[in-house]
Amino acid sequence: MRIKEGDEWKAAFSMPEGSFEPTVMFFGLTNSPAMFQAMMNDLLRDLVVEEKVAVFIDDVMVATETEERYDEIVEEVLRRLEENDLFVKLEKCVWKVREVGFLGVIIG
């Protein structure tokens, strides 16, 4: 998430190489996870309300009755992420499975 222009100094840190003011939040900041969760909720709100998607911070789960509908929703989620300069880490993704671990629970 981009830090509001003009507020970069609030997250500044010093190193032997000099001082740095980050332009994006990193999860070491106190409210970063909550802010990221709020952003994801806004980004996927309609899909969450319609119970097509579950989101917890950077974990997104899509559950559907049919494979065709699954493909449509995944494409929509990926499109929205791309439009907002967010990306998935493919080696952490699991696609088209009947059971998945989500927040420490096996869901099927």
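Using the numbering used here, the letters of the sequence shown map in sequence onto residues 5 to 112.
A virtual CB, placed ideally from N, CA and C, is assigned to each residue, including glycine.
What you are looking at is a predicted structure, and each value in this text was computed from that prediction instead of being measured.
Which residue from the options puts its Cα closest to that of residue i?
| i | options | result |
| --- | --- | --- |
| residue 62 | 53, 106, 14 | 106 |
| residue 100 | 83, 16, 69 | 69 |
| residue 29 | 50, 22, 38 | 38 |
| residue 9 | 27, 90, 21 | 27 |
| residue 44 | 103, 96, 88, 109 | 88 |
| residue 60 | 54, 21, 108 | 108 |
Is it the case that the Cβ atoms of residue i and residue j are separated by a distance below 8 Å?
| i | j | result |
| --- | --- | --- |
| residue 81 | residue 74 | no |
At what residues does the beta strand (DSSP E) containing residue i begin and finish?
| i | result |
| --- | --- |
| residue 66 | 63-66 |
| residue 52 | Element bounds for residue 52: not the beta strand (DSSP E) but the alpha helix (DSSP H), 49-53. |
| residue 24 | 22-24 |
Pull the bridge partners of residue i from the DSSP assignment, please.
| i | result |
| --- | --- |
| residue 98 | According to DSSP, which records beta bridges pairwise, residue 98 is partnered with nothing at all. |
| residue 109 | 106 |
| residue 92 | DSSP lists no partner for residue 92. |
With respect to the alpha helix (DSSP H) encompassing residue i, which residues constitute its N-terminal and C-terminal limits?
| i | result |
| --- | --- |
| residue 77 | 71-87 |
| residue 58 | That residue, residue 58, is in no alpha helix (DSSP H); its beta strand (DSSP E) goes 57-60. |
For residue i, which residues of its own chain have a beta-carbon under 6 Å away from its beta-carbon, when the five flanking residues on both sides are left out?
| i | result |
| --- | --- |
| residue 56 | 77 |
Quick one: what's got a C-beta closer than 7 Å to residue i's C-beta in the same chain, skipping five residues either side?
| i | result |
| --- | --- |
| residue 112 | 102, 103 |
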